[in-house]
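*Asks:* Handing you this structure, nothing more for now.
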Amino acid sequence: MKTSRSAPFLVPPAIPPLQAHEADDPWRFDALGSVRSRDAITLEALPRPRYRSALELGSALGGLTVKLQERCDALLSVGVALRDQSRALHRCRHLPHVRFQVMAVPDAFPEPTFDLTVVSERACHWSLPELERAQQHILGHLETGGHLLLVHWTGQTRDMRLSGNDVHDSFRRLSPKGLRHLRGEMDGTWRLDVFERL
Numbered sequence: 048m049k050t051s052r053s054a055p056f057l058v059p060p061a062i063p064p065l066q067a068h069e070a071d072d073p074w075r076f077d078a079l080g081s082v083r084s085r086d087a088i089t090l091e092a093l094p095r096p097r098y099r100s101a102l103e104l105g106s107a108l109g110g111l112t113v114k115l116q117e118r119c120d121a122l123l124s125v126g127v128a129l130r131d132q133s134r135a136l137h138r139c140r141h142l143p144h145v146r147f148q149v150m151a152v153p154d155a156f157p158e159p160t161f162d163l164t165v166v167s168e169r170a171c172h173w174s175l176p177e178l179e180r181a182q183q184h185i186l187g188h189l190e191t192g193g194h195l196l197l198v199h200w201t202g203q204t205r206d207m208r209l210s211g212n213d214v215h216d217s218f219r220r221l222s223p224k225g226l227r228h229l230r231g232e233m234d235g236t237w238r239l240d241v242f243e244r245l
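Under the numbering used here, the first residue of the sequence shown carries the number 48, and numbering increases by one thereafter.
Shown next, in the form of structure tokens:
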């Protein structure tokens, strides 16, 4: 299974300074009530009150990251865009247990094992073969009894290769061999599923 030692962790001196107006919410995602509601339900869906080591794939601007970290002893947030990761790191700059890494999953994957993996929006941008490779990595690095939480928008844009439903249905098909499905929820604009590693 391919992992990556070459992608460095982002630390504050490595990122460009941000203007105050763009650091927090440049696209006004947090101003949308649906995003706040989705994040709240995402956190409520976690089966445990706290996790030892969590992985977040798809941190975007860090809105969920800064909320998720409250439930984790350690959180690694992985994204593909340096600028977005910079914004997320800016939000979490005062949190030493949160790390960020720029990495193109599934071509590379973090080496540690995790008791929680959260995939938020990112999987819709993979092709089907990339999704299948990512699933192998995710399951290979998710500890037995650990939890996998998926949350994706169910709409479609031109840069999306898969819909949120495609992604979630693909993980559902991994049950019951590798994953046990614990919870599913749909809002009309997004879908959430929680699994446990067998």
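Each residue gets a CB set at the ideal place from its N, CA and C atoms; glycine is no exception.
Would Leu163 pass as a contact of Leu104 if the rule is Cβ separation under 9 angstroms?
*Replies:* Here residue 163 refers to the residue found at position 116 when the sequence shown is read from its first residue. Here residue 104 refers to the residue found at position 57 when the sequence shown is read from its first residue. No, the Cβ-Cβ distance between Leu163 and Leu104 is not below 9 angstroms.
*Asks:* Which two residues bound the contiguous beta strand (DSSP E) that contains Gln203?
*Replies:* Taking the sequence shown and counting its residues from 1, one reaches residue 203 at position 156. Run containing Gln203: none; DSSP gives neither H nor E here.
*Asks:* Whose CA, out of Arg85, His228 and Leu189, lies closest to the CA of Thr160?
*Replies:* The residue given as residue 160 occupies position 113 in the sequence shown. Taking only the C-alpha atoms, the option nearest Thr160 is Leu189.
*Asks:* Out of curiosity, what's the CA-to-CA distance linking Leu178 and His144?
*Replies:* Position 131 of the sequence shown, counted from the start, is the residue given in the question as residue 178. Position 97 of the sequence shown, counted from the start, is the residue given in the question as residue 144. Each residue's alpha carbon lies about 28 angstroms from the other.
*Asks:* Quick check: the Cα distance between Leu79 and Asp86, rounded to an integer number of angstroms?
*Replies:* Walking along the sequence shown from the start, residue 79 turns up at place 32. Walking along the sequence shown from the start, residue 86 turns up at place 39. Unreliable placement is indicated for Leu79, whose pLDDT of 43 sits below 50; the coordinate value is still reported in the next sentence. About 11 angstroms.
*Asks:* Of all the options Thr204, Thr201, Ser174 and Ser84, which has the alpha carbon lying nearest to the alpha carbon of Pro153?
*Replies:* Position 106 of the sequence shown, counted from the start, is the residue given in the question as residue 153. It is Ser174.
*Asks:* With distances taken Cα to Cα, identify the nearest neighbour of His141 among Gln116, Asp131 and Leu129.
*Replies:* Here residue 141 refers to the residue found at position 94 when the sequence shown is read from its first residue. Distance check between His141 and each of Gln116, Asp131 and Leu129 places Gln116 closest, using alpha-carbon atoms only.
*Asks:* Relative to the alpha-carbon of Pro96, which residue among Gln203, Arg118, His184 and Glu243 has its alpha-carbon at the smallest distance?
*Replies:* Your numbering for residue 96 matches position 49 in the sequence shown. For Pro96, the closest C-alpha among the options Gln203, Arg118, His184 and Glu243 is that of Arg118.
*Asks:* Taking Thr204 as the reference, which of Val241, Cys171, Leu129 and Ala135 has the closest Cα?
*Replies:* Position 157 of the sequence shown, counted from the start, is the residue given in the question as residue 204. The candidate whose alpha carbon is nearest that of Thr204 is Cys171.
*Asks:* Taking His184 as the reference, which of Gly225, Trp200, Met207 and Gly211 has the closest Cα?
*Replies:* In the sequence shown, counting from the first residue as 1, residue 184 sits at position 137. That would be Gly225, whose Cα lies nearest to the Cα of His184.
*Asks:* Have a look at Asp72 and Arg138 and give me their C-alpha separation to the nearest angstrom.
*Replies:* One-based indexing of the sequence shown puts residue 72 at position 25. One-based indexing of the sequence shown puts residue 138 at position 91. Residue confidence is low: Asp72 scores 41 on pLDDT, short of 50, so the model does not pin down where it sits. No coordinate-derived value is stated.
*Asks:* At 3 residues or longer, and completely inside the region 211-243: list those beta strand (DSSP E) runs for me, N to C.
*Replies:* 226-233
*Asks:* For Ala181, does the count of other Cβ atoms within 10 angstroms reach 16, so buried, or fall short, so exposed?
*Replies:* Residue mapping note: residue 181 aligns to position 134 of the sequence shown, counting from 1. The residue is buried, with at least 16 neighbouring Cβ atoms inside 10 Å.
*Asks:* I need the straight-line Cα distance from Gly187 to Leu229, nearest angstrom please.
*Replies:* As a working mapping, residue 187 is identified with position 140 in the sequence shown. As a working mapping, residue 229 is identified with position 182 in the sequence shown. Rounded to whole angstroms, Gly187 to Leu229 spans 19 angstroms at the Cα level.
*Asks:* Taking the alpha helix (DSSP H) that Val113 belongs to, which residues open and close that run?
*Replies:* Counting from 1 along the sequence shown, the entry for residue 113 is found at position 66. Here the alpha helix (DSSP H) through Val113 covers Gly110 to Leu115.
*Asks:* Can you give the Cα-Cα distance for Ala121 and Leu102, rounded to whole angstroms?
*Replies:* Your numbering for residue 121 matches position 74 in the sequence shown. Your numbering for residue 102 matches position 55 in the sequence shown. Whole-angstrom Cα-Cα distance: 9 angstroms.
*Asks:* Looking at Val113 and Pro157, is the spacing between their C-beta atoms short of 9 angstroms?
*Replies:* The residue you call residue 157 lines up with position 110 of the sequence shown. The residue you call residue 113 lines up with position 66 of the sequence shown. For Pro157 and Val113, no; Cβs fall outside 9 angstroms.
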